[in-house]
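Numbering (this note's numbering), first residue to last: 433 to 721.
Please read the structure below before turning to the comments.
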Amino acid sequence: MIKIPSYIHFIQPGLMTSVQDLGRFNLAQYGIPYSGAMDRYSLEQVNFLLQNPKGSAVLEMSNLGPEMVFERPTRIVFAGAEADILWNKKKSIKNGQILEIQEEDVIKIKNFRKGQWLYMGIQGGFETEYIAGSKSWYPQITPRFKIKKNDSICYLSEEERFYPSVEPKAKVRSDWFGNHLIQVFPGPEWHLLPKLLQNRILKKSFTVSELINRMAYQLKEEISNDLPQILTAPVYPGTIQLTPGGNLIILMRDAQVTGGYPRILQVDNVSLNVLSQKRSGDKIKFSIL
433 MIKIPSYIHF IQPGLMTSVQ DLGRFNLAQY GIPYSGAMDR YSLEQVNFLL QNPKGSAVLE
493 MSNLGPEMVF ERPTRIVFAG AEADILWNKK KSIKNGQILE IQEEDVIKIK NFRKGQWLYM
553 GIQGGFETEY IAGSKSWYPQ ITPRFKIKKN DSICYLSEEE RFYPSVEPKA KVRSDWFGNH
613 LIQVFPGPEW HLLPKLLQNR ILKKSFTVSE LINRMAYQLK EEISNDLPQI LTAPVYPGTI
673 QLTPGGNLII LMRDAQVTGG YPRILQVDNV SLNVLSQKRS GDKIKFSIL
């Protein structure tokens with residue numbers, strides 16, 4: 433079967449559109465962040481529906497999506513945030529709906545209604561270059577870190593399209609958006625907090641602030657404390673740091689690999705996907721596993 437290099441051309445780039453896969457592993461000792469999809473569960477969903485390898489590269493979008501035109505036929509599907517998605521400017525598309533894209537078809541993602549990150553999988557994944565074991569874009573590591581106007585990215589279109597038989601539509605999980613309980617483990621400095629303060633953190637509801645991006649989510653409420661600063665120590669996606677000023681900062685996929693603030697909690701891997709889809713103003717509550 434002949435596969436032809438083809439391109440998606442971006443008429444509009446969207447607010448924060450990038451290529452992501454499952455990220456980089458075992459490179460923290462070199463100061464290289466983990467990166468990868470903010471909501472890995474949604475990445476795996478689109479690849480499963482298209483019968484791609486689990487970690488195939490996808491398009492990740494946030495808040496205001498792009499407008500793009502496809503050079504040749506392929507299949508695509510969306511998962512993650514709920515957004516207004518238009519196919520050829522008129523047909524409304526739902527998550528989990530597998531689209532048979534034709535030459536010169538246009539997809540436009542407009543307003544996000546629920547959630548923070550939307551994923552578009554494509555048949556076979558995107559053909560961007562591997563750098564340090566991943567196709568995930570990250571500043572200073574990859575040539576690009578987000579899509580710009582008139583950019584293009586490559587995919588392979590099959591000249592004879594004998595795609596595997598799949599249902600044209602599948603149900604994808606949307607309960608991510610209603611789940612406010614974030615499962616956590618005690619962090620290395622959790623024991624330094626007085627029991628009274630520990631209980632307060634676990635009983636309190638917190639609000640996601642407007643300071644959210646691929647590096648970290650900051651919570652609005654402050655926790656007064658007199659914890660000592662620590663020597664620079666390893667941190668991971670999901671590490672919750674407590675600053676001297678009382679801010680709770682939850683590190684995300686593009687966070688640095690070391691930090692000097694006390695690491696009071698560590699978000700469970702599944703809950704990190706849930707947390708990633710929270711928007712500014714959403715409420716969350718922590719629960720110790």
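The beta-carbon is built from N, C-alpha and C at its ideal position, and this holds for glycine as well.
| Check | Outcome |
| --- | --- |
| Helix, strand or coil at K727 [DSSP, three-state] | For the chain, the structure presents residues 433 to 721; residue 727 sits outside this window and is missing. |
| Test: I525 CB closer than 9 Å to a CB of chain D | Among the chains in the structure shown there is no chain D, since it carries only a single protein chain. |
| Backbone CA spacing between S703 and E476 [nearest angstrom] | 15 Å |
| In chain order, each beta strand (DSSP E) run of at least 3 residues that lies wholly inside the region 650-700 | 671-674, 679-683 and 695-699 |
| C-alpha distance - L625 paired with L459, whole-angstrom precision | 31 Å |
| Bounding residues of the beta strand (DSSP E) (the contiguous stretch that carries E532) | L531 to I533 |
| Straight-line gap, I725 to W519 (C-alpha atoms, nearest Å) | Since the first residue of the chain shown is 433 and the last is 721, residue 725 is not available in this structure. |
| Bridge partners - L613, DSSP secondary structure assignment | K717 |
| Distance between I696 and H623 (C-alpha atoms, nearest Å) | 8 Å |
| 9 Å Cβ cutoff met for A511 and F544 | no |
| Beta-carbon proximity of F558 to L659, cut-off 9 Å | no |
| Classification of N705 by the beta-carbon crowding that lies within 10 angstroms, buried from 16 upward | buried |
| Whether S494 touches T449 by CB criterion (9 Å) | yes |
| Nearest-angstrom beta carbon gap, S524 and Q615 [assumed within contact, 8 Å] | Incorrect: roughly 35 Å between the Cβ atoms, too far for contact. |
| Candidates W549, L651 and E499: closest to K540 by CA position | E499 |
| Cut-off 8 Å between Cβ atoms - residues of its own chain near R632, not counting five sequence neighbours on either side | I655 |
| Cβ-based burial, S708 [other Cβ within 10 Å; buried from 16] | buried |
| Boundaries of the beta strand (DSSP E) in which S589 is found, first to last residue | S584 to E590 |
| Beta-bridge partners of R507, as assigned by DSSP | E532 |
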